[in-house]
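So the structure is just underneath, and the comments pick up after that.
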Amino acid sequence: MPNRADHTTPSAISTEIADPRVLSRDELRSLDRIAVEEMGVPSILLMENAAMGAAGCIARMLDVLAPGAVAVLAGTGNNGGDGFAVARHLHILGHAVRVLLVGDEDRLTPDSATNRSALRACGVGIGVISTTDEQVAYEQLLDWLNTHTPPLIVDGLLGTGLSRGVVGPLLGAIRAINRARSSGPAACVVALDLPSGLDADTGRALGDAVRADVTLTFAALK
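Take 872 as the starting number for the sequence shown in the numbering used here and just add one per residue.
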């Protein structure tokens, strides 16, 4: 199996950046607003395009990783919606996926709920960690990861909207991902847009944050 250094080689994924500008959280929100309100592009289409690109990158990475089902971990916000859509595209491409939602299904954003339903319509089951307790979430997710030993973990827990330290079950999930990455089978961790727990403006961890091997960022650098 390739070592971690292989995850970011050109043979696995292109690292070319079309536009190197770094945008702030507010600038990114403005871009989304312009696309949706002024250009009439549905927000669900923005999510779909981002997820399609991310799934293509992940599919290329899977060519050099050990076989096994990809683990997609989703939160209740739009980053989780990205995760659901990525899982659907990977499934369509013929890759096995296991999906786990960390949070209450009733709190999904509209676009995230739409992508959850689309994923289920493809026949992919979605597990749920609904506890509100950090330690319980940590133990449940770590046990799940250790049981399934995925070659690749997709972090779709939290996105650019985070402005304070993570608490509760999402913190437990972040800790479980990091523990599985460091002490379990050598799974590659891929973050969608940015690793969960980072401040999109400063790049600094707001407490605990996912230690990703690869970040597939959307629209612009953060």
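Think of the CB as a built atom: it goes at the ideal place given N, C-alpha and C, for glycine as much as any other residue.
Let me know the secondary structure DSSP gives T1003 once reduced to three states. Here T1003 sits in coil by DSSP.
Which same chain residues, not among the five before or five after S983, have their C-beta less than 7 Å away from its C-beta? T947, G948, N949, G951, G952 and F955
Does the stretch 891-901 touch the stretch 929-948, meaning 3 or more C-beta pairs lie closer than 8 Å? no
Under 8 Å between the Cβ atoms of L1046 and Y1009? Looking at the sequence itself, residue 1046 is Arg, so the reference to Leu does not match. In terms of Cβ geometry, R1046 and Y1009 form a close pair [threshold 8 Å].
Reducing DSSP to helix, strand and coil, say where S907 ends up. Inspection of the sequence shows that residue 907 is occupied by Val rather than by Ser. DSSP places V907 in the helix class (H, G or I) of the three-state scheme.
What is the residue span of the alpha helix (DSSP H) that C1059 lies within? Segment C1059 to L1063 is the beta strand (DSSP E) holding C1059; no alpha helix (DSSP H) there.
Is the separation between the beta-carbon of G939 and that of T1020 shorter than 8 Å? yes
Hey, quick one: how far does the beta strand (DSSP E) through D1026 stretch, first residue to last? Counting along the chain, the unbroken beta strand (DSSP E) around D1026 starts and ends at L1023 to G1027.
What first and last residue would you give for the alpha helix (DSSP H) that runs through R931? S914 to L933
Could you give the DSSP three-state label for R1075: helix, strand or coil? coil
So for A1090, helix, strand or coil by DSSP? coil
Looking at V1060 and D1026, is the spacing between their C-beta atoms short of 8 Å? yes
Neighbourhood of A1080 by C-beta distance below 6 Å, restricted to the same chain and skipping five residues each side: P1066, G1068 and L1069
Cutting at 8 Å between CB atoms, please list the residues of its own chain near L1077, excluding the five before and the five after it. Result list for L1077: L1033, S1034, R1035, G1036, V1037, G1068, L1069 and D1070, in chain order.
Quick one: give me the first and last residue of the alpha helix (DSSP H) that V941 is part of. No alpha helix (DSSP H) contains V941, which is instead part of the beta strand (DSSP E) from V941 to A945.
Residues bridged to L971 [DSSP beta-bridge criterion]: L944 and G998
Buried or exposed: which applies to R875, given that a residue is buried once 16 or more other Cβ atoms fall within 10 Å of its Cβ? Only weak support is given to the placement of R875: the predicted model assigns it a pLDDT of 36, under 50, and the question is left unresolved by the model.
For V995, which residues in the same chain have their Cβ closer than 8 Å to its Cβ, ignoring the five residues on either side in sequence? A958, R959, H962, V968 and V970
Among S1053, P981, T1018 and K1093, whose alpha-carbon lies nearest the alpha-carbon of M918? P981
Could you give the distance in angstroms between the alpha-carbon of A1044 and the alpha-carbon of M910? 37 Å
Tell me which residue opens and which closes the alpha helix (DSSP H) that G965 is part of. That residue, G965, is in no alpha helix (DSSP H); it is neither H nor E in DSSP.
Measure the CB-CB distance between L1087 and R892 and report whether it falls below 8 Å. no
For Q1006, is the classification buried or exposed, using 16 other Cβ atoms within 10 angstroms of its Cβ as the cut-off for buried? Exposed is the call here.
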